[in-house]
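>
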Ligand code: HEM
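Written out as structure tokens, the structure reads:
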């Protein structure tokens, strides 16, 4: 069996953040939430949120995936707040890239 490893960089402007880091951003002037593994800086979106500021602020610094998915269609983030996505949740060791291992079939 031949193994090949591929390093996949995160897109430009994206970083990996720990939940510990996310948890520091809980205020109206600095609010981050996590949805489906993506870290969103929703500070400037708060005042535009159709569900109100408080709905998001309640989840400031937390993973809101479950509640978010119950209320919103899947394309709502790219549609209304594409600039809010600042990165993904991961360990500091995983930043700035992730290691993907690809298994190739043996050559004859
Ligand atoms: C960038 C992130 C978000 C975007 C783009 C977004 C967008 C929206 C939109 C477009 C609506 C109106 C839906 C409709 O009635 O057709 C809405 C409603 C709502 N959102 Fe968000 N939202 C975000 C984050 C969140 C988060 C983190 C929460 C907390 C779990 C939340 C809670 C709510 C609630 C409670 C409503 C009101 C639902 C209702 O009135 O029936 N949203 N949001």
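Residue numbers (my numbering): 1 to 108.
Ideal Cβ placement from N, Cα and C applies to all residues, glycine included.
Remember, predicted model here, so these are calculated numbers, not experimental data.
#1: Nearest to residue 84 by alpha carbon, out of 27, 32, 19?
#2: Only counting the same chain, and skipping five residues up and downstream in sequence, which positions put a Cβ closer than 6 angstroms to that of residue 59?
#3: In whole angstroms, what separates the C-alpha of residue 40 from that of residue 50?
#4: Which residues mark the beginning and the end of the alpha helix (DSSP H) in which residue 22 is found?
#5: Can you tell me whether residue 56 is buried or exposed, with buried defined as 16 or more other CB within 10 angstroms of its CB?
#6: Where DSSP assigns a beta bridge to residue 40, which residues make up the other side?
#7: Can you pull the DSSP bridge partners for residue 16?
#8: Can you tell me which residues fall inside 6 angstroms of ligand 1, judged by beta-carbon distance to its nearest heavy atom, and keep chain order?
#9: Inspect the beta-carbon positions of residue 15 and residue 87 and report whether they are closer than 7 angstroms.
#10: Kindly indicate which three-state DSSP category residue 69 falls into: helix, strand or coil?
Short version:
#1: 32
#2: 33
#3: 17 angstroms
#4: 19-22
#5: buried
#6: 33, 85
#7: 88
#8: 33, 40, 42, 45, 49, 50, 51, 55, 56, 59, 64, 67, 68, 71, 72, 76, 77, 80, 81, 84
#9: yes
#10: helix
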